[in-house]
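The sequence shown begins at 4 in this note's numbering and counts up by one. All residues carry an ideal CB built from backbone N, CA and C; glycine is no exception.
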Amino acid sequence: MPTTPLITSVQSASNKVTLNWQNFCGPYQVWLKRSPTDPHWQAVTGPQHSETATIGVLYSNAFFRVSGPSPRFAGDRACEECHAGVHASAMATRHARAYKLLQDIGQQNNQSCLPCHTVGYGTATGFRENDPRRAHLAGVQCESCHGPAALHAANENDPLVRPRVEIAGQLCGGCHMGVHQPDYPHPGLYEDWAGSGHAIVTEDMNPASRINSCGRCHSGSSRLALLKGLDPAVAVAGDANIGVSCVVCHDPHQNTTHPLQLRNPVASTNDYFLTTTEAFASKYNPSINLCAQCHNHRGATWTSSGRPPHHSPQYNMMLGSIGELPAGIAPAGASAHGRRIAKQCVGCHMPTQEFEGQSESVTTRHTFKVESYQSCAPCHPFPEPLAQFTMQAVSAQIDQLKQALDLWATSKAPEALRTKYGVRAWEYTVPGDLSSGGEGPTAAEQAQVPDAIKKARFNLYLVKYDGSYGVHNGPHSIKLLDAARSWIQEELNK
Ligand code: HEC
Ligand code: HEC
Ligand code: HEC
Ligand code: HEC
Ligand code: HEC
Ligand code: HEC
Ligand code: HEC
Ligand code: HEC
Ligand code: HEC
4 MPTTPLITSV QSASNKVTLN WQNFCGPYQV WLKRSPTDPH WQAVTGPQHS
54 ETATIGVLYS NAFFRVSGPS PRFAGDRACE ECHAGVHASA MATRHARAYK
104 LLQDIGQQNN QSCLPCHTVG YGTATGFREN DPRRAHLAGV QCESCHGPAA
154 LHAANENDPL VRPRVEIAGQ LCGGCHMGVH QPDYPHPGLY EDWAGSGHAI
204 VTEDMNPASR INSCGRCHSG SSRLALLKGL DPAVAVAGDA NIGVSCVVCH
254 DPHQNTTHPL QLRNPVASTN DYFLTTTEAF ASKYNPSINL CAQCHNHRGA
304 TWTSSGRPPH HSPQYNMMLG SIGELPAGIA PAGASAHGRR IAKQCVGCHM
354 PTQEFEGQSE SVTTRHTFKV ESYQSCAPCH PFPEPLAQFT MQAVSAQIDQ
404 LKQALDLWAT SKAPEALRTK YGVRAWEYTV PGDLSSGGEG PTAAEQAQVP
454 DAIKKARFNL YLVKYDGSYG VHNGPHSIKL LDAARSWIQE ELNK
C-alpha cells in the first residue's frame with residue numbers, strides 16, 4: 004500500500020496530459036517543473052480528491068509530481084471499537100505475529116526486514132525500532148493492507164478519508180515476493196501467480212452480459228461482490244477486469260474456517276457445478292473444493308448444440324460425474340487421484356517446496372502448473388513416463404475420433420449439412436478447437452445431427468477440454484472415448 008501518491012500512468016494528447024495515481028486518500032495536488040534541475044515546482048491543480056487530473060501543458064518537456072497528505076497510522080487497537088468482528092479474526096491470523104518472528108531470531112532491528120513485518124516502517128508516523136511509543140505498530144495489521152487510517156478512525160463518517168479496500172494481487176505481492184526464498188531470485192508467490200492464467204482476464208468482463216455470468220469465475224471483483232451478496236453490476240461496474248487474485252482464494256480476515264486463510268477446503272467429493280444464469284447465492288456451496296468452485300462443467304449437457312462444453316470440467320472429470328455412457332455401461336467413478344490424494348487438485352498443481360534446515364520455509368508454488376513430479380513419488384516409481392504415456396495415448400485417441408467424425412461428416416451426414424459445412428457437419432454451431440475454418444450447422448440445422456453424434460462430440464470435447472489427457476481420471480476418460488467410438492461407428496455403419 005503506497006504511503007505517498009504513486010503515479011500509475013501519464014498519457015499525452017495534443018497539448019494535454021492526463022495523469023493517474025494511487026494512494027490511500029486525498030487531498031492531492033499536482034505540481035510541474037520544466038527541467039530536472041529547476042528547483043521550483045509550480046502547482047498546476049488546486050487541492051482535489053480525485054486520483055486523476057488532465058492538465059493543459061504547452062511545453063515539450065514536463066516533469067510531474069503529486070503530493071498528498073502525510074500518512075497517519077493509528078494501529079489496529081484504534082479499529083477494534085467499530086470493527087470488532089473483523090478485528091478479532093484478522094488479528095488472530097499469523098500476520099499479527101510477523102514482528103515476533105523477527106524477535107525470535109534477533110532481527111528486530113534489521114532495517115531490511117521491517118518494511119514487510121511491521122506497519123508503515125520508514126514513514127514519519129509508522130513503526131520505528133527501539134521506540135516504545137510505536138510498539139503498537141509491530142506486525143502485519145489492518146493498515147498494512149488498508150493504508151494509514153488514523154484520519155478515518157477519527158472521522159469515520161468522512162467519505163474522503165475512508166481507507167482503501169484493494170483486491171489486486173499487488174497488494175499482497177508487495178510483501179509476498181521472492182526476496183525470502185533461500186535460492187532468491189527464485190520466483191516467490193507473487194511472481195508465480197503473476198505469470199499464471201489466474202492473473203489474466205482473456206475477455207472483457209465489464210459488459211452487462213458478462214459481469215455476473217462469466218465474471219463469477221473470471222473476475223475477482225465480481226466474484227467477491229457475489230460472495231458478499233451484492234450485485235456486481237452495481238458494486239464493481241466498470242472494474243471487473245481483475246483476474247483470480249490472491250483474495251479470491253484467501254480471505255485475509257479469517258484463519259479459523261480453513262488453514263492458510265483459504266475461503267474453501269482443498270478437497271471435497273460431492274458433485275458440483277455453477278451455471279452462468281442461476282442466482283449465485285442459491286448455487287454457491289462453501290464446502291466444495293476451492294478449485295472446483297470454478298473448475299467445473301458449468302451445467303454442460305450433450306443436448307446443447309451452440310458450443311462445446313466449457314474448458315473447465317476438471318472437477319467433474321476427476322469425480323467421473325460428467326459425460327454420456329451407453330445404457331448398461333457402468334461409470335468408472337471418482338479416480339484414484341480424486342480419492343487418494345488428500346489435497347486433490349492442490350496436491351499435484353501446487354506442490355510445496357521445502358528448504359533444508361529452515362523449518363518454516365515452506366513455499367507453495369503458485370504457478371498452478373504441474374511443474375514437478377515429486378508429489379507423485381509416494382505412489383508411482385516412474386511418474387513422468389507414466390504421465391507421458393497416458394497423455395499421448397489419450398491425445399492419439401482424440402485425434403482418431405476427430406478423423407472418424409470428419410469421415411461421418413463427409414460421407415454420412417445429411418446431404419444439406421454435408422454440402423454446406425463439409426468436415427464441420429458434425430460440429431457445434433460455434434465449433435470448438437478441434438475444427439477450424441468457420442461456423443458449424445445453425446441452431447435449426449442441429450436437429451439433423453443424430454443424437455449419437457451429439458453424444459460422441461460431447462464426450463470428445465470433455466476429454467479434450469479437461470486438459471490433463473487422462474491424468475485426472477484415466478479410467479473415466481477412456482470410457483467416454485470408447486462410448487464416443489461406438490456411437491460414431493454405429494452412424495458410420497448406417
Ligand atoms: C469510530 C468508528 C470507526 C473506527 C474507530 C474505525 N472505523 Fe473503519 N469504518 C467505520 C465506518 C462507519 C465505516 C463505513 C461503513 C460503511 O459505509 O459501510 C468504515 C469503513 C471502513 C473500511 C471499508 C471502506 C470501504 O470502502 O468499504 C475499512 C477498510 C476500514 N473502515 C478500516 C478501518 C481501520 C483500519 C481502522 C483503524 C485504524 C478503522 N477502520 C477504524 C467506522 C470506524
Ligand atoms: C518483501 C517483504 C519481506 C521482507 C523485506 C522480509 N520479509 Fe520475512 N516474510 C515476508 C513474508 C511475506 C513472509 C511469509 C512467507 C510465507 O508464509 O510464504 C515472511 C516470513 C518470514 C519468516 C517466517 C518464515 C520463514 O521463512 O521461516 C521469518 C523468520 C522472516 N520472514 C524473517 C525475515 C527477516 C529476518 C528479514 C530481513 C532479513 C525479512 N523476513 C524480510 C516478507 C518479507
Ligand atoms: C492482509 C491484508 C488485510 C488485513 C491485515 C486486513 N484487511 Fe481488511 N480487507 C482486506 C481486503 C483485501 C479486503 C477486501 C476483500 C474482502 O472483503 O474480503 C478487506 C476488506 C475490509 C473491509 C470491508 C469489508 C466489506 O465487507 O466490504 C473492512 C471494513 C476491513 N477490511 C477492515 C479491516 C480491519 C479493521 C482490519 C484490522 C483489524 C483489517 N481489515 C485487516 C485486506 C486486509
Ligand atoms: C506488510 C506485508 C504483508 C502484506 C501486505 C501481506 N502479507 Fe501475508 N504475510 C506476511 C508475513 C510477514 C507473513 C508471515 C507471518 C507468520 O508466518 O507468522 C504472512 C503470512 C501469510 C499467510 C500464511 C498464514 C498462515 O496462517 O500460515 C497467508 C496465507 C498470507 N500471508 C496471505 C496474504 C494475503 C492474501 C495478503 C493480501 C490480502 C497478504 N498476505 C498481505 C506479510 C504480508
Ligand atoms: C463455472 C466457472 C466459469 C464460468 C461461469 C465461465 N468460465 Fe470461462 N473458464 C473457466 C475456467 C476454470 C477456465 C480455465 C480452464 C482451463 O484453463 O483449462 C475457463 C476458460 C475460459 C476460456 C479459455 C481461455 C483459454 O485459455 O483458451 C474462455 C475464452 C472463457 N473461459 C470464456 C468465458 C466466457 C465468455 C464466459 C461467460 C459466458 C465464461 N468463460 C464463464 C471457468 C468459467
Ligand atoms: C475464481 C475462479 C477460480 C478458482 C477458485 C480457481 N481457478 Fe484456475 N482458472 C480460473 C480461470 C478463469 C482460468 C483461465 C484463465 C484464462 O486463461 O483466462 C483458470 C486457469 C487455470 C489453469 C490453467 C493455467 C494457466 O496458467 O493457464 C490451471 C492449471 C488452474 N486454473 C488450476 C487451478 C487450481 C489448482 C485451483 C485451486 C487451487 C484453481 N485453479 C482455482 C478460475 C479459477
Ligand atoms: C494426479 C495429479 C493431478 C490432480 C489430482 C489434478 N491435476 Fe490437473 N493436471 C494434471 C496434469 C499432469 C495435467 C497436464 C499438465 C500439462 O499439460 O502440463 C493437468 C492439467 C490440468 C489443467 C489444464 C492445464 C492447462 O495448462 O491447460 C487444468 C485446468 C487442471 N489440470 C486443473 C485441475 C483441477 C481443478 C483439479 C482438481 C479438480 C486437478 N487439476 C487435479 C495433474 C493433476
Ligand atoms: C486459485 C487460488 C489461489 C490464489 C489465486 C492464491 N492462492 Fe495462495 N494458496 C492457495 C492454496 C490452495 C494454498 C494452500 C496449499 C496447501 O494447502 O498446501 C495457498 C497457500 C498460500 C500461502 C501459505 C503457504 C506458503 O507458501 O507460505 C500463502 C502465504 C499464500 N498462499 C499467499 C498467496 C498470495 C500472496 C497470492 C497472490 C499473489 C495467492 N496466495 C494467490 C490458493 C491460492
Ligand atoms: C496418493 C497416491 C497417488 C499420487 C500422489 C499420484 N497418483 Fe497417479 N495413480 C494412483 C493410483 C492408485 C492410480 C491407479 C492405478 C491403477 O489403475 O491401479 C494412478 C494412476 C495414474 C495414471 C494412469 C492413468 C489412470 O488413471 O489409470 C497416471 C498417468 C498417473 N497416475 C499420473 C500421476 C501423476 C503425474 C502424479 C503426480 C503429479 C500422480 N499420478 C500422483 C495414485 C497416485
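So is residue i buried or exposed if we call it buried at 16+ other beta carbons inside 10 Å?
i           : result
residue 204 : buried
residue 163 : exposed
residue 168 : exposed
residue 306 : exposed
residue 63  : exposed
residue 267 : buried
residue 18  : exposed
residue 52  : exposed
residue 174 : buried
residue 129 : buried
residue 22  : buried
residue 381 : exposed
residue 383 : exposed
residue 80  : exposed
residue 16  : exposed
residue 436 : exposed
Is DSSP giving residue i helix, strand or coil here?
i           : result
residue 253 : strand
residue 216 : coil
residue 431 : coil
residue 182 : helix
residue 45  : strand
residue 121 : strand
residue 282 : coil
residue 494 : helix
residue 110 : coil
residue 500 : In the structure as shown, the chain begins at 4 and stops at 497. Residue 500 is therefore absent and cannot be evaluated.
residue 393 : helix
residue 165 : coil
residue 422 : helix
residue 460 : helix
residue 305 : coil
residue 170 : coil
residue 233 : coil
residue 95  : coil
residue 413 : helix
Assuming residue i contacts residue j (C-beta within less than 8 Å), just tell me the rounded distance between them.
i           : j           : result
residue 86  : residue 142 : The Cβ separation is near 17 Å, so there is no contact.
residue 39  : residue 66  : 6 Å
residue 338 : residue 323 : 7 Å
residue 472 : residue 311 : Incorrect: roughly 16 Å between the Cβ atoms, too far for contact.
residue 462 : residue 483 : 4 Å
residue 27  : residue 153 : With 8 Å as the limit, residue 27 and residue 153 do not qualify as a contact, their Cβ atoms being about 11 Å apart.
residue 326 : residue 476 : In fact, because the Cβ distance is near 10 Å, the residues do not count as touching under 8 Å.
Among all the DSSP beta bridges, which residues are the ones paired with residue i?
i           : result
residue 31  : 51
residue 23  : 12 and 55
residue 68  : 34
residue 265 : 253
residue 141 : 121
Less than 7 Å between C-beta atoms, sequence neighbours within five positions excluded: which residues of the same chain meet that for residue i?
i           : result
residue 399 : none
residue 350 : 344 and 378
residue 270 : 292, 345, 346 and 347
residue 257 : 92 and 264
residue 46  : 32 and 34
residue 188 : Per-residue confidence for residue 188 stands at a pLDDT of 49, beneath the threshold of 50, marking its modelled position as unreliable; no derived number is given.
So, at 8 Å on beta carbons, what are the nonlocal neighbours of residue i in its own chain, with the 5 sequence-adjacent residues on each side left out?
i           : result
residue 413 : 421, 425, 426 and 428
residue 24  : 8, 9, 10, 11, 31, 54, 55 and 69
What does a CB cutoff of less than 6 Å around residue i pick up in its chain, not counting 5 residues either side in sequence?
i           : result
residue 362 : The pLDDT assigned to residue 362 is 48, lower than 50, so where the model puts this residue is not dependable, and the model offers no usable value.
residue 89  : 256
residue 294 : 348
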